[in-house]
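A.B. asks:
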Amino acid sequence: MSDAAQISETPENPATLDAAEAFEAQPAEPSSANAPDPAEAIRAEVQREYAGRLAQAELRAEAAKAGVDFPDGFLDLLDLSKLLGEDGEPAADAIALALKPFQAEPEPKFPQLMGMGHYNGIGARSSVSLDARKR
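So this is what it looks like as structure tokens:
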């Protein structure tokens, strides 16, 4: 049995079935539909707070896979917000770009020679012997 059927009609309270249905059809608080959910706000704040740590963990994992060893204090100086995508998650392309300088072999500044001693490599060979007896 509904509440509308239990209400008695009096001159001060003209309760009819139509009035009860109109009251039940009204939203309780129209402003609550427009208000943001507090749980969603908390989730977004936690995600922003831990996104940097997640990006750092992803960077370390990719560096371990590639065999890259970072210098001491490098990760402390790195701006981890640059490793995040537009959605706030770590971006794989940004992490690969950060690892690229550590993966490339540096070009030698000087030619790599064999060192001191007898070297049978490329060089000018004289056809004239330097021994005076053989001239």
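Under the numbering used here, the residues of the sequence shown are numbered 56 to 190, in order. From the three backbone atoms N, C-alpha and C, an ideal C-beta is built for every residue, glycine too. Note that this is a predicted model, so its numbers are computed, not measured.
#1: Would Glu113 be called buried (16 or more neighbouring beta carbons within 10 Å of its own) or exposed?
#2: Kindly confirm or deny that the region 155-167 and the region 134-145 touch, where touching means at least three C-beta pairs closer than 8 angstroms.
#3: Compare the C-alpha of Tyr105 against each of Ser136, Pro156 and Ala121 and name the closest.
#4: With Ala149 and Leu138 assumed to form a contact (beta carbons below 8 angstroms), what rounded beta-carbon distance in angstroms separates them?
#5: So the candidates are Ile97, Gln111 and Glu117; which of them puts its Cα closest to the Cα of Gly128?
#6: Excluding sequence positions up to five away, which residues of its chain have a Cβ less than 7 angstroms from the Cβ of Arg188?
#7: What residues match up with Leu139 in a beta bridge as DSSP calls it?
#8: In terms of alpha-carbon separation, which member of Phe125, Leu185, Ala116 and Asp134 lies closest to Pro156?
#9: Do the CB positions of Ala118 and Leu154 come within less than 8 angstroms of each other?
#10: Nearest CA to the CA of Glu121: which residue from Leu185, Ala90, Phe165 and Ala151?
#11: What are the start and end residues of the alpha helix (DSSP H) that includes Ala99?
C.D. replies: Based on what the coordinates show:
#1: The residue given as residue 113 occupies position 58 in the sequence shown. Buried.
#2: Taking 8 angstroms as the limit for Cβ pairs, the verdict is that the region 134-145 does not touch the region 155-167.
#3: Reading the sequence shown from its first residue, position 50 is the one you call residue 105. Tyr105 has its Cα closest to that of Ser136, out of Ser136, Pro156 and Ala121.
#4: Residue 149 sits at position 94 when you count from the first residue of the sequence shown. Residue 138 sits at position 83 when you count from the first residue of the sequence shown. Contact flag correct, Cβ pair sits at about 5 angstroms.
#5: Locating residue 128 in the sequence shown gives position 73, where the first residue counts as 1. Selection Ile97, Gln111 and Glu117 evaluated against Gly128 yields Gln111 as nearest (Cα-Cα).
#6: Sequence index remark: in the sequence shown, residue 188 carries index 133 (1-based). Within the same chain, Arg188 has no close Cβ partners at all.
#7: In the sequence shown, residue 139 corresponds to position 84, counting from 1. Answer by DSSP bridge pairing, in chain order: Pro145.
#8: Here the question's residue 156 lines up with position 101 in the sequence shown. When each option's Cα is compared against that of Pro156, the closest is Phe125.
#9: Here residue 118 refers to the residue found at position 63 of the sequence shown. Here residue 154 refers to the residue found at position 99 of the sequence shown. Going by beta carbons, Ala118 and Leu154 fall inside the 8 angstroms limit.
#10: Indexing the sequence shown from 1 puts residue 121 at position 66. The amino acid at residue 121 is misidentified as Glu; the sequence shows Ala. With respect to the C-alpha of Ala121, the residue from Leu185, Ala90, Phe165 and Ala151 having the closest C-alpha is Ala151.
#11: The sequence position of residue 99 within the sequence shown is 44, counting from 1. Under the DSSP assignment, Ala99 falls in the alpha helix (DSSP H) whose first and last residues are Pro93 to Ala121.
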